[in-house]
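Visitor: First the structure, which I've put down as structure tokens, then a few questions once you've had a look.
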Amino acid sequence: MSFSVHIQPADIRFEVDADEALLPAAIRQGIGLPYGCRDGACGSCKSRLLEGRVVHGPHQAKALSAEEEAAGLILTCCAVPQTDCTVEARSVPGAGQYPVLKLPSRVLAIERPSPDVAVLRLQLPANQNLRYRAGQYVEFILRDGARRSYSMANAPHLIGSPPAIELHLRHMPGGKFTDHVFTALKEKDILRMEGPFGSFFLDEASTKPIVLLASGTGFAPIKALIEQLQHLGSTRPATLYWGGRRRADLYQHAWCEAQAAATPWLRYVPVLSEAAPDDGWSGRSGFVHRAVMADFPDLSGHQVYACGVPVMVDAARTDFTAQCGLPAEEFHADAFTSEADKHGPL
Ligand SMILES: Cc1cc2nc3c(=O)[nH]c(=O)nc-3n(C[C@H](O)[C@H](O)[C@H](O)COP(=O)(O)OP(=O)(O)OC[C@H]3O[C@@H](n4cnc5c(N)ncnc54)[C@H](O)[C@@H]3O)c2cc1C
Ligand code: FES
143 MSFSVHIQPA DIRFEVDADE ALLPAAIRQG IGLPYGCRDG ACGSCKSRLL
193 EGRVVHGPHQ AKALSAEEEA AGLILTCCAV PQTDCTVEAR SVPGAGQYPV
243 LKLPSRVLAI ERPSPDVAVL RLQLPANQNL RYRAGQYVEF ILRDGARRSY
293 SMANAPHLIG SPPAIELHLR HMPGGKFTDH VFTALKEKDI LRMEGPFGSF
343 FLDEASTKPI VLLASGTGFA PIKALIEQLQ HLGSTRPATL YWGGRRRADL
393 YQHAWCEAQA AATPWLRYVP VLSEAAPDDG WSGRSGFVHR AVMADFPDLS
443 GHQVYACGVP VMVDAARTDF TAQCGLPAEE FHADAFTSEA DKHGPL
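As structure tokens, this is what we get:
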């Protein structure tokens with residue numbers, strides 16, 4: 143048995159199998175819907191059910207509150223249709239453009255640019271052509287079937303030959319996967335992955351000036367976006383804000399300075415929230431999204447691409463739209479949700 147889903151206003155129809163949630167069915171069939179974590183934690187897939195009935199699998203109240211659900215909102219990543227449905231959702235052309243592949247990858251190199259960041263280079267099989275958009279991510283499939291998501295830090299034209307992707311991982315002590323990466327992972331190890339996933343990538347049709355906003359390893363997909371803009375020959379003014387607590391958190395500061403020096407349309411503003419005397423910091427300080435608001439009190443004509451810890455992404459979304467006039471649809475983001483977000487306090 144299957145149900146028919148009708149996406150409005152784009153007028154797209156697709157079938158969902160019995161007991162299948164809406165979003166996985168859309169991804170399977172190359173339909174571009176907005177999403178992030180695929181796991182009921184980030185809220186990026188929130189849409190409105192216009193007709194029909196769904197039941198939700200486990201999800202966070204932060205992503206969809208009981209009031210929102212009562213008002214007809216759904217999370218497509220965990221909403222399982224019980225009837226044919228009509229859903230009002232943004233269409234994201236390109237999100238389903240490339241086939242999702244399951245593939246092994248081999249660790250080529252592990253660098254540690256700061257004590258709690260690892261930069262991995264992973265070689266991909268040459269016979270399985272992983273294609274993706276700058277900003278998208280892959281999921282590692284762990285031995286117990288758990289999955290962990292990481293965004294490609296190199297734009298697709300820089301994948302090289304033999305093909306290799308670059309990932310930036312922050313150690314979360316007690317974390318199932320990053321504990322392994324920081325204590326046991328070594329060159330030549332094989333990691334199973336699936337991808338590409340995600341609807342966080344450049345809106346190439348827009349000509350608006352851009353704010354790129356990253357916290358910590360949220361810099362990874364932002365770096366890929368910068369490389370993509372350079373590759374496209376873009377001249378859209380772009381300002382990169384990269385925030386960390388301490389100087390070491392800006393683990394590729396020199397790369398950013400070099401790009402800003404060589405790229406006429408790119409400006410770089412590093413921001414530290416807890417700089418210590420031994421950081422020797424004379425740059426901006428405070429919350430990184432506040433630095434954006436100080437420099438751009440009017441964001442009504444901008445596009446924002448934000449990535450990193452959920453608390454930063456949520457604050458930026460709320461404050462930019464409420465206080466700086468950013469149109470909600472011009473806030474593009476991936477929140478790096480983890481198990482802590484799924485089990486921690488609301
Ligand atoms: C779309 C997307 C893209 C991402 N891209 C990146 C990226 O490029 N780089 C990056 O560094 N991260 C990224 N992340 C985050 C990443 O996927 C992982 O969540 C993160 O690396 C932690 O994985 P882990 O297995 O080490 O920790 P987990 O096992 O997920 O644990 C995370 C933390 O929660 C704690 N914890 C575990 N279980 C519980 C519990 N039951 N209750 C309370 N606390 C608990 C752990 O002690 C640990 O401190 C991304 C996430 C998403 C959704
Ligand atoms: S809550 Fe559905 S994609 Fe994150």
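The sequence shown begins at 143 in this note's numbering and counts up by one.
Built from N, CA and C at the ideal position, the CB exists for glycine as well.
Predicted model, so just to flag it, every value in this text is computed and none were measured.
Comparing alpha-carbon positions, which option in Asp-331, Thr-228, Asp-258 lies nearest Leu-266?
Guide: Your numbering for residue 266 matches position 124 in the sequence shown. Looking at the Cα atoms, Asp-331 is the closest of the given residues.
Visitor: If you measure from the CB of Lys-328, is any heavy atom of ligand 1 nearer than 7 Å?
Guide: Along the sequence shown, one-based indexing puts residue 328 at 186. For ligand 1, not one heavy atom lies less than 7 Å from the Cβ of Lys-328.
Visitor: Between Pro-246 and Gly-287, what straight-line distance do the alpha-carbon atoms span, to the nearest angstrom?
Guide: Locating residue 246 in the sequence shown gives position 104, counting from the first residue. Locating residue 287 in the sequence shown gives position 145, counting from the first residue. So the two alpha carbons sit approximately 15 Å from each other.
Visitor: Using a Cβ-Cβ cutoff of less than 8 Å, which residues in the same chain neighbour Leu-243 once the five nearest sequence positions on both sides are dropped?
Guide: What you label residue 243 is simply residue 101 of the sequence shown in a count that begins at 1. So the qualifying residues of the chain are Gln-270, Leu-272, Glu-336, Gly-337.
Visitor: For Ile-173, report the span of its alpha helix (DSSP H) as first-last.
Guide: Residue numbering aside, residue 173 sits at position 31 when the sequence shown is read from its first letter. Unbroken run through Ile-173: none, as it is neither H nor E.
Visitor: Measure from the C-beta of Lys-365 to each C-beta in chain B and report whether the shortest distance is under 8 Å.
Guide: Of the chains in the structure shown, none is chain B; there is only one protein chain.
Visitor: Leaving out five residues before and five after Leu-468 in sequence, what residues of the same chain have Cβ atoms less than 8 Å from its Cβ?
Guide: Counting from one through the sequence shown, the residue named residue 468 turns up at place 326. Closer than 8 Å at Cβ, skipping near neighbours: Leu-441, Ser-442, His-444, Val-446, Phe-462.
Visitor: I need the boundaries of the beta strand (DSSP E) containing Pro-412, first residue and last residue.
Guide: Taking the first residue of the sequence shown as 1, we reach residue 412 at position 270. Pro-412: member of the beta strand (DSSP E) spanning 408-414, first to last residue.
Visitor: Roughly how many whole angstroms lie between the Cα atoms of Ala-260 and Pro-176?
Guide: Translated into the one-based positions of the sequence shown, residue 260 becomes position 118. Translated into the one-based positions of the sequence shown, residue 176 becomes position 34. Taking the CA atoms as reference points, Ala-260 sits about 29 Å from Pro-176.
Visitor: Just the C-alpha distance for Val-413 and Cys-449, rounded to the nearest angstrom, thanks.
Guide: Counting from one through the sequence shown, the residue named residue 413 turns up at place 271. Counting from one through the sequence shown, the residue named residue 449 turns up at place 307. The straight-line gap from Cα to Cα measures roughly 15 Å.
Visitor: Just checking Tyr-177 against ligand 2 - is the residue's beta carbon closer than 7 Å to any of the ligand's heavy atoms?
Guide: One-based indexing of the sequence shown puts residue 177 at position 35. Tyr-177: yes, Cβ under 7 Å from ligand 2.
Visitor: Taking 7 Å as the cut-off, is the C-beta of Ser-233 nearer than that to any heavy atom in ligand 2?
Guide: Here residue 233 refers to the residue found at position 91 when the sequence shown is read from its first residue. Ser-233 Cβ: outside cutoff for every heavy atom of ligand 2.
Visitor: Please report how far the alpha carbon of Leu-371 lies from the alpha carbon of Pro-298, in whole angstroms.
Guide: One-based indexing of the sequence shown puts residue 371 at position 229. One-based indexing of the sequence shown puts residue 298 at position 156. If I take the Cα positions, the gap works out to 12 Å.
Visitor: Going by beta-carbon coordinates alone, are Ala-205 and Ala-183 separated by less than 8 Å?
Guide: In the sequence shown, residue 205 corresponds to position 63, counting from 1. In the sequence shown, residue 183 corresponds to position 41, counting from 1. Yes, these two residues count as a Cβ contact at 8 Å.
Visitor: Looking at Gln-278: is its Cβ nearer than 8 Å to the Cβ of Gly-360?
Guide: Counting from 1 along the sequence shown, the entry for residue 278 is found at position 136. Counting from 1 along the sequence shown, the entry for residue 360 is found at position 218. Going by C-beta atoms, Gln-278 is not nearer than 8 Å to Gly-360.
Visitor: Less than 7 Å separating the Cβ of Arg-180 from some heavy atom of ligand 2?
Guide: In the sequence shown, the residue the question calls residue 180 occupies position 38. Indeed, a heavy atom of ligand 2 lies less than 7 Å from the Cβ.
Visitor: Let me confirm a value: Arg-180 is counted as buried when at least 16 other C-beta atoms fall within 10 Å, else exposed. Which label applies?
Guide: Residue mapping note: residue 180 aligns to position 38 of the sequence shown, counting from 1. Around the beta carbon of Arg-180, 16 or more other beta carbons lie within 10 angstroms, which makes this residue buried.
Visitor: DSSP puts Thr-381 in a beta bridge; with which residues?
Guide: Position 239 of the sequence shown, counted from the first residue, corresponds to residue 381. Beta-bridge pairing links Thr-381 to Val-353, Arg-409.
Visitor: With hydrogens ignored, establish whether the beta-carbon of Thr-325 is closer than 7 Å to any heavy atom of ligand 1.
Guide: Taking the sequence shown and counting its residues from 1, the one referred to as residue 325 is at position 183. For ligand 1, not one heavy atom lies less than 7 Å from the Cβ of Thr-325.
Visitor: Buried or exposed, going by whether 16 or more other CB atoms sit within 10 Å of the CB of Glu-329?
Guide: On the sequence shown, position 187 is the one that residue 329 refers to. Answer is exposed; the Cβ neighbour count stays below 16.
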